[in-house]
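Numbering (the working numbering), first residue to last: 1 to 197.
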């Protein structure tokens, strides 16, 4: 598909395996000091090369979006944003390694300034890593990836969706409706269940 930033086949293979031939191993101590703020394409490329060398368990991510007010359909109650107008401002990652020793897990924190197109598009090789990408309410983040011409991660775990699934159907009024309830009793039961939600 034209317009998408697909990595080359050899890059895809090395990204999946975590092996990057011809590149020096990077020390993890540099990235363990705290939150790493990256505001240039070169820094993002260095970060991606480092992550590809590590034994990653999963990656938490969030994209802070920018939405232009002119792209919103206004109504009296709420505004509906045009998904194609969503652009990234900041992109944060929490990269978690597989623990080598028991109860010792290493996490690296990165914040990418995504206002420059080059810094955001440099994440293409990171997104094709075959590890779970975990987010909360990740729909907006996915729109930012798509609008920038990037592929979404292969395995996405949206915590908000599974959080809602845990309570799916629990507060349905029929579970609380007495057997001898009339129409008025059913309406009262529905209202009570709405308050429980």
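For each residue, glycine too, the CB sits at the ideal point set by N, CA and C. What you are looking at is a predicted structure, and each value in this text was computed from that prediction instead of being measured.
Exercise. Apply the 10 Å Cβ neighbour rule to residue 107 and answer buried if 16 or more other Cβ atoms are within range, or exposed otherwise.
Key: The count along the chain shown starts at 1 and reaches residue 107 at position 107. Classification of residue 107: exposed, given that the 10 Å Cβ count is below 16.
Quiz item: Where does residue 148 sit, in a helix, a strand or coil, going by DSSP?
Solution: The residue you call residue 148 lines up with position 148 of the chain shown. It is coil, neither helix nor strand.
Quiz prompt | Inter-stretch contact (C-beta, 8 Å, three-pair minimum) for the region 154-162 and the region 116-133 | solution = Yes, they touch.
Quiz item: Which word fits residue 138, buried or exposed, when buried means at least 16 other C-beta atoms lie within 10 angstroms of its C-beta?
Solution: As a first step, residue 138 must be located in the chain shown, where it is residue number 138. Buried, by the Cβ-count rule.
Practice problem: Assign residue 155 to one of three DSSP states: helix, strand, or coil. | Solution: Here residue 155 refers to the residue found at position 155 of the chain shown. Three-state result, residue 155: coil.
Practice problem: Could you tell me the distance, in whole angstroms, from the CA atom of residue 32 to the CA atom of residue 162? | Solution: In the chain shown, the residue the question calls residue 32 occupies position 32. In the chain shown, the residue the question calls residue 162 occupies position 162. Roughly 31 Å between the two C-alpha positions.
Quiz item: So does the region 78-98 actually touch the region 109-120, counting three or more Cβ pairs closer than 8 Å?
Solution: With the cut-off at 8 Å, the region 78-98 and the region 109-120 touch.
Quiz item: For residue 182, which residues of its own chain have a beta-carbon under 8 Å away from its beta-carbon, when the five flanking residues on both sides are left out?
Solution: Residue mapping note: residue 182 aligns to position 182 of the chain shown, counting from 1. Counting only Cβ-Cβ distances below 8 Å, and skipping sequence neighbours, we find nothing.
Quiz item: When you compare only the Cα positions, how much space is there between residue 117 and residue 148?
Solution: One-based indexing of the chain shown puts residue 117 at position 117. One-based indexing of the chain shown puts residue 148 at position 148. Those two C-alpha atoms are separated by around 8 Å.
Self-check item: Proximity winner among 56, 143 and 86, relative to residue 99 (alpha-carbon distances)
Solution: As a working mapping, residue 99 is identified with position 99 in the chain shown. Considering only 56, 143 and 86, the residue with the shortest C-alpha distance to residue 99 is 56.
Practice problem: Answer yes or no: do residue 52 and residue 28 have a C-beta to C-beta separation smaller than 8 Å? | Solution: Taking the chain shown and counting its residues from 1, one reaches residue 52 at position 52. Taking the chain shown and counting its residues from 1, one reaches residue 28 at position 28. The answer is no: Cβ separation not under 8 Å.
Practice problem: Ignore the nearest five residues each way along the sequence and tell me which others in residue 87's own chain have a CB closer than 6 Å to its CB. | Solution: As a working mapping, residue 87 is identified with position 87 in the chain shown. So the qualifying residues of the chain are 66.
Exercise. Keeping to the same chain, check which residues put their C-beta closer than 6 Å to that of residue 199; ignore five residues upstream and five downstream.
Key: In the structure displayed, the chain extends from 1 to 197; residue 199 sits before or after that span and is not available.
Quiz item: Taking the alpha carbon of residue 39 as the point to measure from, which residue in 146, 171 and 123 has its own alpha carbon closest?
Solution: Counting from 1 along the chain shown, the entry for residue 39 is found at position 39. Looking at the Cα atoms, 123 is the closest of the given residues.
Quiz item: I think residue 134 touches residue 58, with their Cβ atoms under 8 Å apart; what is that distance to the nearest whole Å?
Solution: As a working note, residue 134 is residue 134 in the chain shown. As a working note, residue 58 is residue 58 in the chain shown. Their Cβ separation, rounded to whole angstroms, is 6 Å, which keeps residue 134 and residue 58 in contact under 8 Å.
Quiz prompt | Anticipated Cβ contact below 8 Å, residue 151 with residue 121, distance rounded | solution = On the chain shown, position 151 is the one that residue 151 refers to. On the chain shown, position 121 is the one that residue 121 refers to. Not confirmed; about 11 Å, so no contact.
Self-check item: Classification of residue 168 by the beta-carbon crowding that lies within 10 angstroms, buried from 16 upward
Solution: Numbered from 1 along the chain shown, position 168 holds the residue referred to as residue 168. Classification for residue 168: exposed.
Quiz item: Would you say residue 126 and residue 48 are within 8 Å of each other, going by their C-beta atoms?
Solution: What you label residue 126 is simply residue 126 of the chain shown in a count that begins at 1. What you label residue 48 is simply residue 48 of the chain shown in a count that begins at 1. Yes. Within cutoff.
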